[in-house]
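See below for the structure under consideration.
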Amino acid sequence: MRICAHAAVTQSGGDGARGGPEAAAAARDHVTRVGEEEMKLESNPGISVSSSSVVPYMDSVAAFCHTDAADVEWYVNALLVTSNDRMTISPDGKMLVIHRVGRDDRVLQCAIKNIFGLLQRSEQISLTVAYGPDSVLLRTDPHHIRGIVSAEIGTRVRLECVSTSLPGPKYRWVHHGSLLSFSEANITLPSLAWEQMGRYRCVVENPVAQLSMYRDVEVQRPRKCSRFPSGAYPLPVSPPPRLGLGGTCHQDCCLQLTLRPHSGWVEPSHPLEV
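Yeah, the sequence shown ends on 358 if you go by my numbering, and it's all consecutive.
If you want it as structure tokens, here you go:
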């Protein structure tokens with residue numbers, strides 16, 4: 085662009101030598117116009133948005149390209165976009181509206197074409213797309229079975245909440261309806277006491293997306309499984325069903341049977357109803 089201005093000065097200077105003061109003044113005006121055009125070409129468009137923090141699939145956002153140019157292009161995540169069912173570009177091209185912001189709609193930018201057909205881009209503007217929590221996973225040690233953690237008094241118990249959100253979630257723990265002082269994703273009970281038994285709830289919150297989820301788990305002593313009483317099965321059923329009973333077990337693996345008195349004989353081809 086400066087080369088173009090230099091050529092204009094050289095040619096106009098020759099005219100000034102032949103035409104006198106009027107030609108010299110015209111040359112100065114021409115240089116001024118070229119300089120103004122040069123500054124205009126070097127000025128990139130500006131960009132602004134209606135909101136930089138949005139909730140995906142709920143909020144919309146409008147982006148504005150600040151330029152006097154007539155040919156404006158829009159880029160989302162560095163990809164050229166046009167009007168579609170989710171985005172609308174205004175007739176003059178200077179406004180982009182995303183009607184349903186997606187999780188991947190992170191970086192917006194506009195660009196114009198100068199007289200040489202080259203793109204002059206605005207700065208990139210980033211959106212904070214808040215989402216989640218989508219789900220909550222509760223990990224425990226000892227491992228829980230269907231929401232039950234079996235642990236003896238005096239043993240170590242660890243509870244951990246796992247969730248994904250943006251921005252990072254906040255955690256709250258509730259024990260028997262009382263809010264605990266823990267604000268981390270996990271809590272550890274180094275030596276389980278009687279008063280620490282019971283139901284725990286992990287609450288995961290995303291204050292920006294205004295969403296929350298929770299997961300419950302119950303800590304209790306292991307249940308004892310009684311041995312099956314001898315002779316509970318009437319003869320001649322042979323052999324009796326094998327039940328892994330006796331000793332310490334989790335609540336869900338204990339099989340408790342109540343046998344009703346049975347008189348008479350059972351044919352071998354028919355299973356015994358318990």
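Backbone N, C-alpha and C define an ideal beta-carbon position, used for all residues, glycine too. Just so we're clear, the structure is a prediction, and the values are computed from it rather than from any experiment.
A straight line joining the alpha-carbon of residue 219 with that of residue 205 spans about 39 Å. Ranked by Cα distance from residue 247, the options 132, 217 and 128 are led by 217. The beta carbons of residue 161 and residue 190 sit closer together than 7 Å.
Assignment of residue 204 by DSSP, reduced to helix, strand and coil, places it in the strand class. Relative to residue 131, the option among 193, 197 and 298 whose CA is nearest is 193. Closest in C-alpha terms to residue 208, from the list 288, 306, 129 and 182, comes 129. Here residue 231 has 300, 301 and 302 as same chain residues with Cβ atoms under 7 Å from its own Cβ, once five neighbours each way along the sequence are excluded.
Put simply, the backbone Cα of residue 213 is about 12 Å away from that of residue 290. In this structure, residue 182 and residue 144 form a Cβ contact; the two beta carbons are roughly 6 Å apart against a cut-off of 8 Å. DSSP places residue 146 in the uninterrupted beta strand (DSSP E) bounded by 145 to 150. The beta-carbon separation of residue 244 and residue 270, rounded to 4 Å, stays under the 8 Å limit for a contact. DSSP places residue 279 in the helix class (H, G or I) of the three-state scheme. Within the DSSP bridge table, the entry for residue 210 names 191 as partners. At the C-beta level, residue 233 and residue 224 come within 7 Å of one another. Assigned with DSSP and collapsed to three states, residue 268 falls in coil, not helix or strand.
Contact check for residue 196 and residue 155: beta-carbon distance about 6 Å, within the 8 Å limit, so the pair qualifies.
The alpha-carbon separation between residue 258 and residue 279 amounts to approximately 14 Å.
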